[in-house]
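Chemist: With full-length UniProt numbering applied, the sequence shown covers 1 to 636.
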Amino acid sequence: QKKFKFNLMKKFQCLNGLMLKQENRTLLNEIYTELYITEGDSGDVNKKHEVKQIEAASRRNPTEDTPIKCSDIFKPLPEQDKPIRRVLTKPLSEQDKEPIRNVLTKGVAGIGKTVSVQKFVLDWAEGKTNQDVHLIFPLPFKELNLMKDQKLSLVELLHVFFKEMKEMEISMLEEVLFIFDGLDECRFPLDFQKTVRVCDVTESTPVHVLLINLIKGNLLPSALIWITFRPAAADQIPSECVDRVTELRGFNDPQKEEYFRKRISDQNLANTIITHLKSLRSLYIMCHIPVFCWISAAVLERMLGEAVSGEIPKTLTQMYTHFLIIQTNIIREKYVQKQESDEEMLLKLGKLAFQQLKKQNLIFYEEDLRECDIDVTEAAVYSGVCTQIFREEFGIHQSKVYCFVHLSIQEHLAGLYVHLTFMKEQRNVLQQNQVCRTLSDVYRSAVDQALKSQTGHLDLFLRFLLGLSLESNQILLHSLVTQTGSSSHNKDETVKYIKKKISEDLHTEKSINLFHCLNELGDDSLVEEIQQYLKSGAQSELSPSQWSALVFVLLTSAQDLEEFDLNKYITPDKIRDEILVRVMPVIAASRKAIIRCSEIAGRSGEALTSVLNSETSSLRELILTVNTLDLSENKL
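1) Whose C-beta lies closer than 6 Å to the C-beta of F229 among residues of the same chain, with five residues either side of it excluded?
2) Given a cut-off of 8 Å on the beta-carbon distance, is the pair D72 and P138 in contact?
3) May I ask which residues mark the beginning and end of the alpha helix (DSSP H) holding N7?
4) Ignore the nearest five residues each way along the sequence and tell me which others in E504's own chain have a CB closer than 8 Å to its CB.
5) If you reduce the DSSP assignment to three classes, tell me which class F180 lands in.
6) So, helix, strand or coil for A601, using DSSP?
7) Contact defined as beta carbons within less than 8 Å: I believe S282 pairs with N519. What is the distance between those atoms, to the nearest angstrom?
8) Nearest-angstrom Cα distance between S617 and S610?
9) Return the Cβ separation of V155 and A223 in integer angstroms, given the expectation that the two are a contact with Cβ distance under 8 Å.
10) Which stretch, first to last residue, makes up the alpha helix (DSSP H) that contains V495?
11) Cα-Cα, which of L439, T321, G456 and T317 is closest to K359?
12) I'd like the list of long-range same chain contacts for L430, defined as Cβ closer than 8 Å, with 5 residues on each side in sequence excluded.
13) Per the contact definition of three or more C-beta pairs closer than 8 Å, is the stretch 533–550 in contact with the stretch 489–509?
14) Quick check: the Cα distance between D123 and I100, rounded to an integer number of angstroms?
15) Can the beta-carbon of L347 be found less than 8 Å from the beta-carbon of E411?
16) What are the partner residues of T205, as DSSP defines its beta bridges?
17) Please determine, among I600, R596, A588 and L476, the residue with the shortest C-alpha to C-alpha distance to N613.
18) Have a look at residue 653 and R332 and give me their C-alpha separation to the nearest angstrom.
19) Since V481 contacts E343 with CB under 8 Å, what's their CB separation in whole angstroms?
20) Under 8 Å between the Cβ atoms of L466 and T421?
21) When you compare each of L477, V553, V207 and M147 to Q532 by their alpha carbons, which one comes out closest?
22) Would K151 and T205 qualify as a contact pair, given that the criterion is a beta-carbon distance under 8 Å?
23) Per DSSP, what kind of secondary structure is Y569 in: helix, strand or coil?
24) Who are the Cβ neighbours of K5 in its own chain at under 7 Å, not counting the five residues just before and after it?
25) Please check the pair I325 and E301, which I expect to be a contact at CB under 8 Å, by giving their CB distance rounded to whole angstroms.
26) Have a look at C403 and K113 and give me their C-alpha separation to the nearest angstrom.
27) Relative to the C-alpha of I363, which residue among T317, G217 and C186 is closest?
28) CA-CA distance, H478 and L468?
29) Indicate the three-state DSSP secondary structure (helix, strand or coil) for A593 in the structure shown.
30) Thinking C-beta only, is I273 closer than 8 Å to L316?
31) Please classify Y259: does DSSP put it in a helix, a strand, or coil?
32) Could you give the distance in angstroms between the alpha-carbon of I623 and the alpha-carbon of K592?
33) Tell me which residue opens and which closes the beta strand (DSSP E) that E247 is part of.
34) Which word fits G605, buried or exposed, when buried means at least 16 other C-beta atoms lie within 10 angstroms of its C-beta?
35) Can you give me the Cβ contacts of M286 inside the same chain, cut-off strictly under 6 Å, excluding the 5 residues immediately before and after it?
36) May I ask you to list the residues that DSSP assigns as paired with V103?
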């Protein structure tokens, strides 16, 4: 066990290239900031882009959550007296409740799932926590994918990943923990209904069969299981196989500040950066994601600390474009005799980013690279050159796994690829069979595709693509690529098209993303109209677009929504079904809501029922005065 712990400690004590330069590997214990983990599931979140989930999480009142330290995820909460694991030699007494065996931890890309796994394992290996666990086996899905076609026993699988296990007896597999990191990256089927039962750790079977039997408890029923995943993979594990669901929320507001103060040694500069980000609500919300804090720190430390000329980034596109420029300049300094131009490299990486974004993949293998005309040698060069953008990792048997450092970097590069491909070749890669004469045509097709997406996976990509159309961002791009812009693009056409879409009967999350798109385009006219309307205190009839703008302003406000009185904005006799549906997210985000109207039925009845049944709604008090309330088909 000592050798096993030592090897894990060596492997997990550094953050490899993620939040630091290769030559300056920072010890994990020095920079780790405890993330906000909560017990409970936040509902049907996989229907919207993960940035929207971050925005929704930022609106929730933290006092209503049950925070858990990462090291305690298998421990009962104070009000629970559950044993941590099933002891096979002694039957559970009647007083004992079901043990916590299988824990699921969900969180959006870059929120810190893998780093939390790393810290959990490191603390155990250093003898600090969870010493009642005899062995921990971290088995990331991105490496298990490389073995999807092999037949192995559980013992053989462990020998492949952990050479030290060959010297251990099978009896050592008591009181162990398996950590399966990144369920959303799994590329083999997990069919819990039809999979054959396996109880023998020496029986050879396909890897997916081993996993299912471990999770079900057929193999090693005394073992603990921890699975991490992005929200889109939430439904892959049956509820009967889950004892606890935790959610990694990322940094709360004090932790955001703590991160910047730890990351930036000059405390005056750290304060300046925090103040700048706080002044821009959309960027400050994104700081819930640790990787976004890292990107912001890299950009703002350079621009504010070194008096670099140029406008300080105020939008998402500006921040990521500056980040790309900084990384490319580092590449130029390091690799003067590089064979390929920056432009060729960015186009190839952009194509990979775009193709894999369409498939909703964050992890890539050699066959994925070949589809984008990138050979393995080039990939090694890119990962060596672009250490903060593109990564090559070695899995088992030196097999290679590739990824972008974060999903948002992939989305930004995908937007850049679509923009540049049209500029250079007059080709719209979003609609290969459709003739697009202008950039406005490209943007319209991008808006349409993003609105059609069930999961919202193109939402952030759309914000980046539209942001890159601005002349100020194209001037920034001149340092990277040639021919970045075109006079044929009329920004007003795109703004008009987006406003038309906002006026339609869209899902609130789609509508909010379109307002973010307008912000990237530098058009705040709808929001300003509503802000003037709110300041005036007058009540006037609002158009559908203005109702959407009101919802956007209220939901993205830095102030907590203590009370929402719908009748401040409209008289009871004019409240229609579609207005109630539009404002329902505001009702869900408020602690107290007041509604006086003629009727709640149909879609508004369904929406209200959903809010009242939601575990994550902030609503605690509802004052409802209504002539007709029809919730007959809905269960409260």
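Where is the CB? At the ideal position from N, CA and C, for every residue including glycine.
Modeler: Straight from the coordinates:
1) K106, L183 and D184
2) no
3) K2 to F12
4) P544
5) strand
6) coil
7) 7 Å
8) 9 Å
9) Not confirmed; about 13 Å, so no contact.
10) K491 to S503
11) G456
12) V418, V442, S445, A446 and Q449
13) yes
14) 20 Å
15) no
16) L152
17) A588
18) Residue 653 is absent from the structure shown; the chain starts at 1 and stops at 636.
19) 5 Å
20) no
21) V553
22) yes
23) coil
24) A125
25) Incorrect: roughly 14 Å between the Cβ atoms, too far for contact.
26) 16 Å
27) C186
28) 12 Å
29) strand
30) no
31) helix
32) 8 Å
33) R244 to L248
34) buried
35) F292
36) W226 and R244
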